[in-house]
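Participant: The opening residue of the sequence shown carries number 5 in the working numbering; numbering runs sequentially from there. I have a structure I would like to understand better, so I am pasting it below and will then ask my questions one at a time.
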Amino acid sequence: MNTPKLTACLLGMLCVAAARSQSTRQLRRDTLPAPDTLQAELKEQLQEQIPVISLDDNELKSDGQNQVASLLGAGRDPFYNAASFNFSAAHFRIRGYDGDAFKVLLNGAPVENPDNGLPAYNLFSGLSGVLRNRSLITGLKANAYTAFAMGSTTAIDARASRMQPQTTVQMGIASSNYRYSMSAAYSSGLNSRGWAWAIAGSIRWANEGYVPGTFYHGGSYLLSVDKRLSPHHLFSLAVIGAPVTRARAGAAVAEMQQLAGSVYYNPYWGYQNGVKRSAAISETHRPYVVATHTFTVNAQTELTTAWWYTGGNSSSTGLDWYNAPDPRPDYYRYLPGYIKDEAQQNQLAAALLGNEAMRQINWAELYAVNRTDSTTIHHANGFDTATASGYRSHYILSRNTSHMRQTGFNSTLRTRINEQVELNGGLSYEQQTVRYYKTIADLLGGDFYVDLNQYAEQDFPGNADAIQNDLRHPNRIVHTGDKYGYDYAMQVSKAAGWLQVAATQRHVDWFMAAGFSSTSFGRTGYVTNGLFPYNSYGKSNRYSFSDYALRAGATYKINGRHYVYANGALYTQAPYYNNVFISPATRNTVQQQIAAAKIQSAEAGYILNAPRIRLRLNMYYTRSSNGMDVLSFYHDDYRSFVNYALRNISKLYYGSELGVEAKVLPNVTANAAAAIGKYLYAGRQHATITLDNSTKVLDEQTVYLQNYRIGGSPQQVLCAGITYRSPAYWFAGFTCNYMSDQWLEANPIRRTFAATEDLAYKNTQWHAVVDQQRLQAQYLLNCTAGYSWRLPWQWGFKKPVYLVWFAGINNLLNNKQMVSGGYEQLRFDYTDKNVNKFPPKLLYAYGTTFLLNVSLRF
Numbered sequence: 005m006n007t008p009k010l011t012a013c014l015l016g017m018l019c020v021a022a023a024r025s026q027s028t029r030q031l032r033r034d035t036l037p038a039p040d041t042l043q044a045e046l047k048e049q050l051q052e053q054i055p056v057i058s059l060d061d062n063e064l065k066s067d068g069q070n071q072v073a074s075l076l077g078a079g080r081d082p083f084y085n086a087a088s089f090n091f092s093a094a095h096f097r098i099r100g101y102d103g104d105a106f107k108v109l110l111n112g113a114p115v116e117n118p119d120n121g122l123p124a125y126n127l128f129s130g131l132s133g134v135l136r137n138r139s140l141i142t143g144l145k146a147n148a149y150t151a152f153a154m155g156s157t158t159a160i161d162a163r164a165s166r167m168q169p170q171t172t173v174q175m176g177i178a179s180s181n182y183r184y185s186m187s188a189a190y191s192s193g194l195n196s197r198g199w200a201w202a203i204a205g206s207i208r209w210a211n212e213g214y215v216p217g218t219f220y221h222g223g224s225y226l227l228s229v230d231k232r233l234s235p236h237h238l239f240s241l242a243v244i245g246a247p248v249t250r251a252r253a254g255a256a257v258a259e260m261q262q263l264a265g266s267v268y269y270n271p272y273w274g275y276q277n278g279v280k281r282s283a284a285i286s287e288t289h290r291p292y293v294v295a296t297h298t299f300t301v302n303a304q305t306e307l308t309t310a311w312w313y314t315g316g317n318s319s320s321t322g323l324d325w326y327n328a329p330d331p332r333p334d335y336y337r338y339l340p341g342y343i344k345d346e347a348q349q350n351q352l353a354a355a356l357l358g359n360e361a362m363r364q365i366n367w368a369e370l371y372a373v374n375r376t377d378s379t380t381i382h383h384a385n386g387f388d389t390a391t392a393s394g395y396r397s398h399y400i401l402s403r404n405t406s407h408m409r410q411t412g413f414n415s416t417l418r419t420r421i422n423e424q425v426e427l428n429g430g431l432s433y434e435q436q437t438v439r440y441y442k443t444i445a446d447l448l449g450g451d452f453y454v455d456l457n458q459y460a461e462q463d464f465p466g467n468a469d470a471i472q473n474d475l476r477h478p479n480r481i482v483h484t485g486d487k488y489g490y491d492y493a494m495q496v497s498k499a500a501g502w503l504q505v506a507a508t509q510r511h512v513d514w515f516m517a518a519g520f521s522s523t524s525f526g527r528t529g530y531v532t533n534g535l536f537p538y539n540s541y542g543k544s545n546r547y548s549f550s551d552y553a554l555r556a557g558a559t560y561k562i563n564g565r566h567y568v569y570a571n572g573a574l575y576t577q578a579p580y581y582n583n584v585f586i587s588p589a590t591r592n593t594v595q596q597q598i599a600a601a602k603i604q605s606a607e608a609g610y611i612l613n614a615p616r617i618r619l620r621l622n623m624y625y626t627r628s629s630n631g632m633d634v635l636s637f638y639h640d641d642y643r644s645f646v647n648y649a650l651r652n653i654s655k656l657y658y659g660s661e662l663g664v665e666a667k668v669l670p671n672v673t674a675n676a677a678a679a680i681g682k683y684l685y686a687g688r689q690h691a692t693i694t695l696d697n698s699t700k701v702l703d704e705q706t707v708y709l710q711n712y713r714i715g716g717s718p719q720q721v722l723c724a725g726i727t728y729r730s731p732a733y734w735f736a737g738f739t740c741n742y743m744s745d746q747w748l749e750a751n752p753i754r755r756t757f758a759a760t761e762d763l764a765y766k767n768t769q770w771h772a773v774v775d776q777q778r779l780q781a782q783y784l785l786n787c788t789a790g791y792s793w794r795l796p797w798q799w800g801f802k803k804p805v806y807l808v809w810f811a812g813i814n815n816l817l818n819n820k821q822m823v824s825g826g827y828e829q830l831r832f833d834y835t836d837k838n839v840n841k842f843p844p845k846l847l848y849a850y851g852t853t854f855l856l857n858v859s860l861r862f
C-alpha cells in the first residue's frame with residue numbers, strides 16, 4: 005500500500021469537507037422582525053471530533069498483515085494537550101461545550117458539583133504529582149466508565165498500590181494568583197503484606213496576587229491506603245481535599261479601567277486604616293472520601309465498586325445594605341459618564357483620576373454611617389414587649405454559603421467475552437442535599453441588623469408582614485454569624501445504568517452503548533417569606549425526569565498507522581434545579597414548562613500514528629434543544645427586580661480540530677493544534693418575566709437570539725510550538741498561540757421587541773442595541789524550560805535521587821489587551837435606548853507571569 009499517497013488523500017478529503025462546511029452557508033444572525041414581517045430563520049451545518057493512539061515498534065511494523073492495532077489503547081492526544089495548556093488564558097472551551105459535558109472520576113467516584121454538573125477541578129489543585137495515573141476518553145468514542153459524557157471522561161486512579169514508590173519535595177515561586185508554593189508527597193508501593201499507602205500535601209499563598217486587592221491562601225491533601233487481601237480483592241480508601249480562601253477580582257466597565265489607568269482595576273476592595281481590604285472573599289472546603297473495592301474475578305472480568313461521601317461549605321462575601329446609598333465604587337450613577345453637565349463630568353473624572361481611594365470601597369464611610377444611627381427596634385424578634393437598642397447597621401458584609409452533603413456508589417463491570425468482544429456496564433446511585441443560606445460576616449461597626457426586605461417595603465408600603473424575610477420571627481435582630489435573608493435546601497437523587505458492547509476485528513472496531521437515568525429534585529424552605537407565606541416554607545413538589553443515552557461508533561483500521569472513524573450519540577438530559585425554580589431563595593415556584601434537554605452529536609476523523617509523527621484531524625457537529633435558564637436582575641422598564649425565565653434554548657456547535665506532533669530532528673519536536681468552530685444559538689427563545697416580589701407575570705416575550713454566538717470562549721484557536729530535548733537531560737520550548745472569534749455573551753433583553761420598538765428599523769441606534777460585541781483577536785507567546793540532574797552516587801545516596809528544575813513564562817510579550825471574561829450587563833436603558841449607560845464589564849488575562857519550581861525526587 006502506498007502510505008504517503010493514502011495519507012495525503014485522506015487529509016485532502018477531510019480538509020476539503022471541513023472547508024466546505026465552514027463556507028457553504030453564510031450564517032445570518034437572527035434579527036428582530038421588521039414592522040410588518042418576520043425574518044426567515046436559518047439553519048447551520050456540520051463537523052466534529054476524534055481520539056488518539058500510541059503504538060510500539062512491533063505494531064508499527066505489522067502494517068496490516070495481522071490484527072491491526074486498535075484505538076482502544078489510546079495514548080496522549082496532541083490536540084487535547086494544546087487545548088489544556090496553551091489556550092487556557094482565553095478560557096477556551098473545547099468545542100464550546102459547557103463544563104457539564106466533561107466528566108471526572110476519582111477511583112471510580114464522580115467528582116462534580118450538584119447544582120450545575122461542573123467537575124470539581126479545584127479538588128486536585130497542587131496534587132498533580134501524585135495523580136498522574138489517569139485515562140482520558142475523548143468525545144463520543146467507546147467509554148469503559150460511563151455512557152453519559154459528551155465532551156470527555158477523565159478517570160483518575162489515586163489508589164496507593166498503583167502509584168510509583170517515590171518521595172517528592174517541591175518548592176516554587178510564581179507571579180499570578182499565588183506567589184509561593186510548597187508540596188511534599190510519599191508513596192510506598194505495595195509491600196509483601198499487601199499494604200500500600202500514599203500521602204501528599206501542598207500549600208500555595210500570596211498576600212496579594214497579580215490583581216490589586218486579591219490574595220490567595222490555599223492548600224490540598226491526599227491520603228490513600230490500599231489493602232490487597234488476595235489476587236482477587238483490592239480494597240482502597242482515599243481522602244482528598246483542597247481548602248482555599250481567596251479574595252476575588254471583579255469585572256469592570258471600560259470607563260473605570262481608563263480612570264484607574266489599568267485593565268486590572270478591581271472594584272471589590274478599599275483601604276481601611278491604610279490597609280487593603282476586600283469585600284469579595286471566597287472560601288471552599290469540600291473533601292471527598294472514596295472507598296473502592298476492585299474484584300478481579302479472572303483475567304477476563306473485573307468489577308470495580310466505589311462508595312463516596314463528600315460534604316463541606318463553599319461561601320463568598322459581599323456588601324449588603326438597607327435604606328442606604330449603593331456602596332459600590334463603580335455604581336453607574338457615580339461615574340462621570342452618567343453626568344450630563346460637561347463641567348461637572350470633567351471635575352469628577354479629574355478627581356477619580358487623581359485619587360485611588362475614590363475609585364475603591366470607602367470602608368471608613370460605611371463604618372461612620374453605621375455608628376451614627378442609634379435607634380430602638382420595637383416588637384423585636386416577634387415579641388410585643390421586646391426591644392433592641394444600639395447602633396443599627398445599614399451596611400454589612402454578608403456571607404452567602406452553600407453547604408453540601410453527597411453520597412452514592414458507582415459500580416462498573418468489564419468482562420471480555422472472547423478475544424474480540426468486550427462488555428462494559430455500570431450501575432450508580434447518588435443523593436445530595438445542598439443547603440443555601442446567608443449569614444452576617446461583619447456588622448461594620450454597628451451593633452445589630454434587622455432582617456427585613458427593603459424592596460418589599462418599596463413595593464408594599466405599610467404591609468408589616470410582606471417586609472419580613474421570616475414571618476415566624478418578625479423584626480428579627482441578627483448579629484455576626486446569624487442567618488438572615490434566605491435559608492433553603494435543594495435535594496437531588498439520581499440513579500443510572502448503562503451497558504456497552506465493543507468488538508475488535510481485523511480492520512474494523514465498533515461499539516454500541518445505551519444508558520438510562522432517573523433524576524428527581526425538590527426544594528425545602530426553612531423560613532416563611534412574608535411575600536410568599538404559603539409557598540416558601542417546607543417541601544415543594546418533587547420533579548422527576550427519565551433520560552436516555554444512545555451511542556455507537558466504528559473505526560476502520562487501514563493499517564497500524566492510519567485510522568478513520570465515525571461516532572454518534574443521542575441524549576436527553578434533565579435540567580438543573582437552578583434553571584427550573586424561578587427564585588428558590590424565596591419560594592417554590594417553577595417555570596411554566598419543564599422539559600429535559602435533547603442532544604444529538606456526531607464526530608468523524610482521521611488519525612495518523614507513525615514513529616516520527618502523530619496527527620489527529622476531526623470534525624464534529626452537536627445540537628441541543630429544550631434548554632432552560634433563569635436570570636434575576638433589576639429591570640429598568642418595570643423598576644423592580646425580576647426573574648427572567650428562559651426556555652426553548654437551542655444551541656449548535658460544529659467545527660474541526662487538528663493536532664499534530666512531529667519529531668523533526670532527533671532532539672527537536674514540533675507541535676501544532678487548531679480548533680476552527682462555530683458555537684451558536686440555534687433558535688429563538690421564550691422568556692417569562694415575573695416580579696421577584698410577587699408571582700405576577702409581567703410579560704411573555706420572544707428573544708431573538710437565532711444565530712447569535714455563544715459567548716465566553718474563542719471559537720478559533722491556533723498554536724504552534726517547538727521543543728528541544730538535550731541528551732544532557734534539559735529541555736526548552738516555545739509556543740505561539742492565536743485566538744479569535746470570541747464574543748461577549750448576549751444580553752437577552754436587548755434582543756426583544758420591547759428593547760427596540762421605538763427605534764427605526766436597522767438604523768445606527770437599532771444596531772447598537774441588537775448587535776453582539778466581537779472581541780479583538782489575540783496572541784500569546786509562552787516558553788518553558790527544565791533540567792533534571794541525577795545527584796552523584798558519591799554523595800552517599802542508596803538509590804537514585806533527582807533534582808528537577810522547571811521554569812515557565814506565560815505571555816512573554818506582555819500582551820495586556822486579551823479579554824479573558826466579561827458580559828453584557830443585564831440592565832438596559834429603556835427610556836433613551838443608550839447601551840453605554842450600562843456598558844459591558846470585562847476581565848483581562850494577565851500580562852507576563854512566571855513560574856519556577858524546584859523538586860527533589862527519590
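Don't be surprised by glycine CBs; every beta carbon is placed ideally from N, CA and C.
If you scan the stretch 548 to 614 from start to end, which runs of the beta strand (DSSP E) of 3 or more residues do you find wholly inside it?
Facilitator: Fully enclosed beta strand (DSSP E) runs of 3 or longer: 566 to 577, 601 to 613.
Participant: Can you grab the Cα-Cα spacing for the pair Ala148 / Val823, in whole Å?
Facilitator: As a first step, residue 148 must be located in the sequence shown, where it is residue number 144. As a first step, residue 823 must be located in the sequence shown, where it is residue number 819. C-alpha separation (whole angstroms): 38 Å.
Participant: Would you check if there are 3 or more beta carbon pairs closer than 8 Å linking the stretch 343 to 350 to the stretch 260 to 276?
Facilitator: Verdict: no, contact absent.
Participant: According to DSSP, what are the bridge partners of Pro114?
Facilitator: To locate residue 114, count along the sequence shown from 1; it is residue 110. Answer by DSSP bridge pairing, in chain order: Leu109.
Participant: Buried or exposed: where does Phe801 fall if 16 or more other Cβ atoms within 10 Å of its Cβ makes it buried?
Facilitator: Within the sequence shown, numbered from 1, the residue matching residue 801 stands at position 797. So Phe801 counts as exposed.
Participant: Could you please give the first and the last residue of the uninterrupted beta strand (DSSP E) stretch that includes Gly825?
Facilitator: Here residue 825 is taken as the residue at index 821 of the sequence shown, counted from 1. Per DSSP, Gly825 belongs to the beta strand (DSSP E) from 823 to 827.
Participant: On the premise that Asn583 lies in contact with Met623, defined as a C-beta separation below 8 Å, what is that separation, rounded to the nearest angstrom?
Facilitator: Indexing the sequence shown from 1 puts residue 623 at position 619. Indexing the sequence shown from 1 puts residue 583 at position 579. No, Met623 and Asn583 are not in contact; Cβ-Cβ is about 30 Å, not under 8 Å.
Participant: Since Gly663 sits in a beta bridge, which residues does DSSP pair it with?
Facilitator: As a first step, residue 663 is located in the sequence shown; it is residue number 659 there, counting from the start. Its beta-bridge partners are Arg620, Ala677.
Participant: The alpha helix (DSSP H) with Asp330 in it runs from where to where?
Facilitator: Locating residue 330 in the sequence shown gives position 326, counting from the first residue. Per DSSP, Asp330 belongs to no alpha helix (DSSP H) and is neither H nor E.
Participant: Could you give the DSSP three-state label for Pro844: helix, strand or coil?
Facilitator: Position 840 of the sequence shown, counted from the start, is the residue given in the question as residue 844. Here Pro844 sits in coil by DSSP.
Participant: Give me the DSSP bridge partner(s) of Ser139.
Facilitator: Here residue 139 corresponds to residue number 135 of the sequence shown, with the count starting at 1. For Ser139, which the question treats as bridged, DSSP gives the partners Ala159.
Participant: Please go through the same chain and pick out, in chain order, the residues whose beta-carbon is closer than 6 Å to the beta-carbon of Ala602, but skip the five residues on each side of it.
Facilitator: The count along the sequence shown starts at 1 and reaches residue 602 at position 598. In the sequence as displayed, the identity of residue 602 is Lys instead of Ala. For Lys602, where only same-chain residues beyond five positions count, the Cβ hits under 6 Å are Thr576, Ser629, Asn630.
Participant: Would you decide whether Gln887 is buried or exposed? Buried here means 16 or more other CB atoms lie within 10 Å of its CB.
Facilitator: Only positions 5 to 862 of the chain appear in this structure, which leaves residue 887 out of reach.
Participant: Check each candidate in Val134, Tyr214, Thr142 and name the one with the smallest Cα separation from Ala202.
Facilitator: In the sequence shown, counting from the first residue as 1, residue 202 sits at position 198. Minimum Cα distance to Ala202 is reached at Val134.
Participant: By the DSSP assignment, the beta strand (DSSP E) with Gln782 in it spans what residues?
Facilitator: For this step, residue 782 is matched to residue 778 along the sequence shown. Segment 782 to 794, the beta strand (DSSP E) holding Gln782.
Participant: Could you name the residues of the same chain whose beta carbon sits closer than 8 Å to that of Asp469, not counting the 5 residues immediately before and after it, in chain order?
Facilitator: Start at 1 with the first residue of the sequence shown, and residue 469 comes out as number 465. If we look at Asp469 and ignore the five residues flanking it on each side, its Cβ neighbours are Leu475, Pro478, Gly534, Pro537.
Participant: Taking the straight line between their C-alpha atoms, what separation do you get for Thr853 and Gly394?
Facilitator: For the purposes of this step, residue 853 is taken as residue 849 along the sequence shown, with counting starting at 1. For the purposes of this step, residue 394 is taken as residue 390 along the sequence shown, with counting starting at 1. Their backbone Cα atoms lie some 50 Å apart in a straight line.
Participant: Between which two residues does the alpha helix (DSSP H) containing Val773 stretch?
Facilitator: Translated into positions along the sequence shown, residue 773 becomes position 769. Segment 768 to 774, the alpha helix (DSSP H) holding Val773.
Participant: Pair every Cβ in the stretch 408 to 426 with every Cβ in the stretch 298 to 309, then say whether three or more of these pairs are closer than 8 Å.
Facilitator: These segments touch.
Participant: Find the nearest neighbour of Gly103 within the set Phe96, Val115, Ala87, Leu122, judged by alpha-carbon distance.
Facilitator: As a first step, residue 103 is located in the sequence shown; it is residue number 99 there, counting from the start. Considering only alpha carbons, the answer is Leu122.
Participant: So Gln462 is in the alpha helix (DSSP H); what residue range does that whole segment cover?
Facilitator: Reading the sequence shown from its first residue, position 458 is the one you call residue 462. 458 to 463 is the extent of the alpha helix (DSSP H) around Gln462.
Participant: Please classify Gly716 as buried or exposed, where buried requires at least 16 neighbouring CB atoms within 10 angstroms.
Facilitator: By one-based count along the sequence shown, residue 716 stands at place 712. The residue in question, Gly716, is buried, as its Cβ has 16 or more Cβ neighbours within 10 Å.
Participant: Between which two residues does the alpha helix (DSSP H) harbouring Val805 extend?
Facilitator: Reading the sequence shown from its first residue, position 801 is the one you call residue 805. Counting along the chain, Val805 falls outside any alpha helix (DSSP H), and DSSP gives it neither H nor E.
Participant: Between Ala353 and the rest of its own chain, which residues show a CB-CB distance below 6 Å, the 5 nearest in sequence each way excluded?
Facilitator: For the purposes of this step, residue 353 is taken as the residue at position 349 of the sequence shown. Counting only Cβ-Cβ distances below 6 Å, and skipping sequence neighbours, we find Pro340.
Participant: By Cβ distance, which residues of its chain are closer than 6 Å to Gln782, with the 5 residues on each side in sequence left out?
Facilitator: For the purposes of this step, residue 782 is identified with residue 778 of the sequence shown, where counting begins at 1. Met743, Met822, listed in sequence order.
Participant: Out of curiosity, what's the CA-to-CA distance linking Ala442 and Arg403?
Facilitator: Taking the first residue of the sequence shown as position 1, residue 442 is located at position 438. Taking the first residue of the sequence shown as position 1, residue 403 is located at position 399. This sequence places Lys at residue 442; Ala is not what is there. The alpha-carbon atoms of Lys442 and Arg403 are separated by roughly 6 Å.
Participant: Whose CA, out of Arg778, Asp775, Phe810, lies closest to the CA of Gly790?
Facilitator: Taking the sequence shown and counting its residues from 1, the one referred to as residue 790 is at position 786. Ranking Arg778, Asp775, Phe810 by Cα distance to Gly790 puts Phe810 first.
Participant: Going straight from the alpha carbon of Tyr683 to that of Trp770, what length do you get?
Facilitator: In the sequence shown, counting from the first residue as 1, residue 683 sits at position 679. In the sequence shown, counting from the first residue as 1, residue 770 sits at position 766. Using only the alpha carbons, I get a separation of about 24 Å.
Participant: Output yes or no for whether 8 Å exceeds the beta carbon distance between Ala204 and Asn181.
Facilitator: For the purposes of this step, residue 204 is identified with residue 200 of the sequence shown, where counting begins at 1. For the purposes of this step, residue 181 is identified with residue 177 of the sequence shown, where counting begins at 1. No, they are not a contact pair.
Participant: Express the C-alpha separation of Pro804 and Gly485 in angstroms, rounding to a whole number.
Facilitator: In the sequence shown, residue 485 corresponds to position 481, counting from 1. In the sequence shown, residue 804 corresponds to position 800, counting from 1. Computed Cα separation, rounded: 53 Å.
Participant: Using CA coordinates, which residue listed in Thr523, Leu431, Thr626, Tyr225 is at the minimum distance from Ser654?
Facilitator: Here residue 654 refers to the residue found at position 650 of the sequence shown. Closest by alpha carbon: Thr626.
Participant: What's the gap between the Cα of Cys740 and the Cα of Arg97?
Facilitator: Sequence index remark: in the sequence shown, residue 740 carries index 736 (1-based). Sequence index remark: in the sequence shown, residue 97 carries index 93 (1-based). Rounded to the nearest angstrom, the two C-alpha atoms are 18 Å apart.
Participant: Classify Ser730: buried if its beta carbon has 16 or more other beta carbons within 10 angstroms, exposed otherwise.
Facilitator: The sequence position of residue 730 within the sequence shown is 726, counting from 1. Ser730 comes out exposed.
Participant: Taking only the alpha-carbon atoms, compute the straight-line gap between Leu131 and Pro796 and give it to the nearest angstrom.
Facilitator: By 1-based counting over the sequence shown, the position of residue 131 is 127. By 1-based counting over the sequence shown, the position of residue 796 is 792. The alpha-carbon atoms of Leu131 and Pro796 are separated by roughly 28 Å.
Participant: By DSSP, does Leu656 sit in helix, in strand, or in coil?
Facilitator: As a first step, residue 656 must be located in the sequence shown, where it is residue number 652. Correct three-state label for Leu656: strand.
Participant: Going by the CB atoms, is the gap between Ala113 and Val294 shorter than 8 Å?
Facilitator: As a first step, residue 294 must be located in the sequence shown, where it is residue number 290. As a first step, residue 113 must be located in the sequence shown, where it is residue number 109. Yes, the Cβ-Cβ distance between Val294 and Ala113 is below 8 Å.
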